[in-house]
Amino acid sequence: MSRPRYDAIFFDLDGTLVDSRVAVIDAVSAGIHEALTAAGETVPPIDAQMLRAPLGKPAPEYFRAVLPETLGHLAGAVKEAATRHEVAALAAGKGQLFDGVLEALDRLREAGVLLGVISNAQAPYFRAALRYTGLGERFQHSECHEELPPDAASPFKTTLLRRALLQLGSAPERSMMVGDRAEDIQAGISTGCATLGIPFGFGDEKELAIADRQLDSWGLLPAMVGV
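Take my numbering: the last position of the sequence shown gets the number 234, and nothing is skipped along the way.
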């Protein structure tokens, strides 16, 4: 068997491995309703695209972005409520992976490729997603934004990737970052890794244009990396 093109591959979670386009939006919407109602505030109209656009940002930034400026002080309460709804949905079996994800990851592992997953998501959701979807056992490294040290440098996705490279002992030139948002691709570029865009997640064609390549189907990934 020939050597794979990469010693390690690192993945974003939402919109890359997990098809959370419906579940996350529903949970955030429910969290907004719950937190604002509890605070005695009028719930503004909620548009799915408004909730979808900032996804991929670190959780605190995301929840501030989806609220009107006058309600920004409730971002923490909305985050807590939304996280409860997200974890409950995962526990109920509503965490859907994109078709072919597990099979592709298993092929990579069998070929000796080290795998890591990094995310800007909140920690309870991140850990629940890995647990309930069966993803967790397939990764040698996993870490999210909320698990970083307090003095971690921004942009956090780049810091997460640097830490993952060190943890797995993989050289950047032998590593690849896979994600659906510009933050993922930029993290790969900043660390010297190859980059692979996922066009069927939360990102759009324009922000993924900086990626080295794009993946049309998870079933194509093993052959793309030479396994």
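Backbone N, C-alpha and C define an ideal beta-carbon position, used for all residues, glycine too.
I need the boundaries of the beta strand (DSSP E) containing residue i, first residue and last residue.
| i | result |
| --- | --- |
| Leu203 | 201 to 204 |
| Glu150 | 148 to 151 |
| Phe17 | 15 to 18 |
| Gly186 | 182 to 186 |
Would you mind giving the Cβ-Cβ distance between residue i and residue j, rounded to the nearest angstrom? I have them listed as a contact below 8 Å.
| i | j | result |
| --- | --- | --- |
| Val185 | Phe17 | 7 Å |
| Ser161 | Tyr13 | Contact doesn't hold; Cβ gap of about 26 Å is too wide. |
| Leu137 | Ser149 | 6 Å |
| Ile4 | Gly204 | The structure shown has nothing for residue 4, since the chain only spans 8 to 234. |
| Ala159 | Ala135 | Contact flag wrong, Cβ pair sits at about 22 Å. |
| Arg7 | Arg116 | The requested residue 7 is not part of the displayed model; the chain covers only 8 to 234. |
| Ala45 | Pro61 | Incorrect: roughly 23 Å between the Cβ atoms, too far for contact. |
With distances taken from CA atoms, which of the options is nearest residue i?
| i | options | result |
| --- | --- | --- |
| Asp19 | Tyr69, His152, Pro157 | His152 |
| Gly100 | Val25, Gly107, Gly47 | Val25 |
| Val31 | Pro11, Ala66, Ala189 | Ala66 |
| Gly47 | Phe70, Glu68, Arg59, Ala84 | Ala84 |
| Ala194 | Phe133, Ala88, Ile217, Lys213 | Ile217 |
| Glu87 | Gly199, Leu142, Leu175, Ala37 | Ala37 |
| Asp187 | Ser224, Pro156, Gly210 | Gly210 |
| Phe207 | Ser27, Thr90, Gly143 | Ser27 |
Answer with buried or exposed for residue i, where buried requires no fewer than 16 other C-beta atoms within 10 angstroms of its C-beta.
| i | result |
| --- | --- |
| Thr77 | exposed |
| Gly22 | buried |
| Gln129 | buried |
| Glu93 | buried |
| Glu180 | exposed |
| Ile125 | buried |
What are the boundary residues of the alpha helix (DSSP H) that includes residue i?
| i | result |
| --- | --- |
| Val35 | 30 to 45 |
| Phe133 | 130 to 140 |
| Ser197 | 189 to 198 |
| Arg170 | 163 to 175 |
| Ala218 | No alpha helix (DSSP H) contains Ala218, which DSSP labels as neither H nor E. |
My parser needs the alpha helix (DSSP H) runs of 4 or more residues fully inside the segment 69 to 123; what are they?
82 to 98, 108 to 117
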